[in-house]
Amino acid sequence: MIDKQLSQEELIQQNKALQKEIEELKDEQEDLEIMLDTITEHSTDLENEIYEKNQIMLKYIEQVKLLTEAAAAVENESFTINSLDEVASREDELGQLARVFQNMARQVEIRETKLRQQVQELKIEIDRSKQAKQVAEIVQTDSFKNLKEKLKHLKKARKNKQGDA
11 MIDKQLSQEE
21 LIQQNKALQK
31 EIEELKDEQE
41 DLEIMLDTIT
51 EHSTDLENEI
61 YEKNQIMLKY
71 IEQVKLLTEA
81 AAAVENESFT
91 INSLDEVASR
101 EDELGQLARV
111 FQNMARQVEI
121 RETKLRQQVQ
131 ELKIEIDRSK
141 QAKQVAEIVQ
151 TDSFKNLKEK
161 LKHLKKARKN
171 KQGDA
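See the structure below:
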């Protein structure tokens, strides 16, 4: 079986070497357990950070959607300026865009109001112009001239009657 039998001293040395190796393996195991705990803790932190960033991104996308809907509402003439107040309160570029959009919508609303008022005034002017033209056309007709002459004669006749009385 074993050609050579180990001496007691050699066995003791091998035993000590094995015990040392066992201690080193225990130290390595302890280090690996610490590393595993650290990695697990760090991965949980990363997972939480990713979740938070995802929530922020979802909110951002939701607010971009509000801006898109606001643009469609302007096109449909149903936009209300305060519908973007939440987005406009942001301190980033999206908030700036919302504030610019609100300002632009206010300016468009003011211009449209002025234009409607001008159109109304023009309609009134056109109506007056049409009316004046129609009056001028009526005055120029022979029937009107005849009526005017008859009126003159009636007034004259009335004056004569009042003078006789």
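Heads up, the sequence shown is in this note's numbering, so the first residue is 11 and it goes up one at a time. We put the CB at the ideal spot given by N, CA and C, even for glycine.
{"query": "Boundaries of the alpha helix (DSSP H) in which E43 is found, first to last residue", "result": "Q18 to E85"}
{"query": "The segment 142 to 156 touching the segment 109 to 127, judged by at least three CB pairs closer than 8 Å", "result": "no"}
{"query": "Length of the line joining the Cα atoms of K169 and L161", "result": "12 Å"}
{"query": "Exposed unless 16 or more other CB atoms sit within 10 angstroms - verdict on F89", "result": "buried"}
{"query": "Beta-carbon spacing of Q127, V97 below 7 Å", "result": "no"}
{"query": "I136 versus Q117: straight-line alpha-carbon distance, rounded", "result": "28 Å"}
{"query": "Inter-residue spacing [alpha-carbon to alpha-carbon] between L16 and I22", "result": "10 Å"}
{"query": "Cβ-Cβ distance between A108 and L94 below 7 Å", "result": "yes"}
{"query": "Any alpha helix (DSSP H) of 4 or more consecutive residues that is wholly inside the segment 79 to 124", "result": "95 to 98"}
{"query": "Nearest-angstrom Cα separation, counted from E51 out to E59", "result": "12 Å"}
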